[in-house]
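Residue numbers (mature numbering (1 follows the signal peptide of the UniProt record, and there is no 0)): -16 to -1, 1 to 324.
All C-beta atoms, glycine included, are put in the ideal place defined by N, C-alpha and C.
In this text, all values refer to a predicted model and were calculated from it rather than measured experimentally.
So this is what it looks like as structure tokens:
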């Protein structure tokens, strides 16, 4: 059985991402061309996402779900009309219904609006919350400003991502690692205005006073030559906020506490590639799953070096330092590491 599982795991290995570029004036056309380019992968991703097929779309067909969906759509058309146009373009280009594409892009909000009793026999309440997986390490000193990030997700997203480079009308050019079928904003990226981001989701218990998905902006100040290292694993560590005890987060934090805090990029990559915890490792691949990994898959690892004005992404376990792409933060483009 273990041999069979190992062979299956090899079949879902992560390969290099395609690059999609767009330069034009229309948000709709941007989405349509992206949908055309990745039609098969978008269709597969929507079809294979069990939560979408067994919970979200069935609820949208009920009278309550329809009214709620219409309210969400009205709000988004009013507040973010250009993004709705992009999703309409993606739907047309990929030949997937707009309703499906739109719901996928508000999956967290829509999930939170579904009564616990709905479809409880096939999709229990505890399985409705997003699985939190990504890991980040921040290194900061007077001479170093680095963010290293593992982009983790579920099996359905393996090899269904792309690197999007776009300049739409007079808006800033941007580069974004993108889940196909989603807006280019759910992983990591940067733009012409010098803004770069990675995402590391968290949840709190009391959603009446805090949003479902919280993000933090850290300001790192110079502290002489000392290098401060901060490890993030989908849990608040400095704010006293009640939060669910996710096993993945707790195990990753425990493992980090067992290690010597990194002071260099290479040391940070070793931490992000750690697989010592067999059930909930920091890095996920076919090897970790063959050993009993209970979490998802690491799609890529990227290191933003703000002082050098570039980022480098890696194929496979980052501890092996197999550079894949160089992300030029100044010229807002992506190059092969070999060519660079």
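**Prompt:** In terms of residue numbering, what span does the beta strand (DSSP E) encompassing residue 295 cover?
**Reply:** Unbroken beta strand (DSSP E) run through residue 295: 294 to 298.
**Asked** Does the Cβ of residue 327 have 16 or more other Cβ atoms within 10 Å, making it buried, or fewer, making it exposed?
**Response** Here the chain has residues from -16 to 324 only, and residue 327 is not among them.
**Message:** So, for residue 230: in the same chain, excluding its five sequence neighbours on each side, which residues have a beta-carbon less than 6 Å away from its beta-carbon?
**Reply:** Excluding residues within five positions, the ones whose Cβ falls inside 6 Å are 116.
**Asked** What whole-angstrom Cβ distance do residue 134 and residue 285 have, given they're in contact under 8 Å?
**Response** Yes, residue 134 and residue 285 are in contact; Cβ-Cβ is about 5 Å, under 8 Å.
**Request:** With distances taken Cα to Cα, identify the nearest neighbour of residue 130 among 71, 53 and 215.
**Result:** Out of 71, 53 and 215, 215 has the C-alpha closest to the C-alpha of residue 130.
**Message:** Under 8 Å: do the region 46 to 59 and the region 104 to 114 share three or more Cβ pairs, one atom per stretch?
**Reply:** No: the two stretches stay apart, fewer than three of their Cβ pairs being nearer than 8 Å.
**Request:** Determine the direct distance from the alpha carbon of residue 97 to that of residue 193, and round the result to whole angstroms.
**Result:** The predicted model places residue 193 with a pLDDT of 37, which falls under 50 and marks its position as unreliable, so this point remains unresolved.
**Beta-carbon proximity list for residue 128, same chain, < 7 Å, skipping 5 on both sides** = Cβ within range, chain order: 211 and 291.
**Prompt:** When DSSP builds the beta bridges, which residues end up paired with residue 8?
**Reply:** Looking at the DSSP output, residue 8 bridges to 152.
**Prompt:** Is DSSP giving residue 319 helix, strand or coil here?
**Reply:** Strand at residue 319.
**Endpoints, beta strand (DSSP E) assigned at residue 130** = Per DSSP, the continuous beta strand (DSSP E) segment holding residue 130 begins and ends at 129 to 137.
**Asked** Is it true that the region 299 to 309 meets the region 250 to 264, where meeting means three or more beta-carbon pairs spaced less than 8 Å apart?
**Response** Using a Cβ-Cβ distance cut-off of 8 Å, the region 299 to 309 and the region 250 to 264 are in contact, since at least three pairs of beta carbons, one from each stretch, lie closer than that value.
**Prompt:** For residue 41 versus residue 84, is the C-beta spacing smaller than 8 Å?
**Reply:** Cβ distance < 8 Å, so residue 41 and residue 84 count as in contact.
**Asked** How about the region 19 to 33 and the region 154 to 173: do they share at least three Cβ pairs that are nearer than 8 Å?
**Response** In short, these stretches touch, since the Cβ pair count reaches three.
**Prompt:** Any Cβ of chain B within less than 8 Å of the Cβ of residue 130?
**Reply:** Among the chains of the structure shown, chain B does not appear; only one protein chain is present.
**Request:** Could you give the DSSP three-state label for residue 68: helix, strand or coil?
**Result:** Three-state result, residue 68: helix.
**Message:** Applying the 10 Å Cβ sphere with the 16-neighbour rule, what's the burial state of residue 62?
**Reply:** Exposed is the call here.
**Message:** Within the continuous alpha helix (DSSP H) that includes residue 258, where are the two ends?
**Reply:** Unbroken run through residue 258: none, as it is neither H nor E.
**Request:** Use the C-beta contact count for residue 34: other C-beta atoms within 10 angstroms, 16 or more gives buried, fewer gives exposed.
**Result:** Exposed.
**Message:** Going by C-alpha to C-alpha distance, which of 184, 280 and 101 sits closest to residue 122?
**Reply:** Across the set 184, 280 and 101, the C-alpha of 184 shows the shortest separation from the C-alpha of residue 122.
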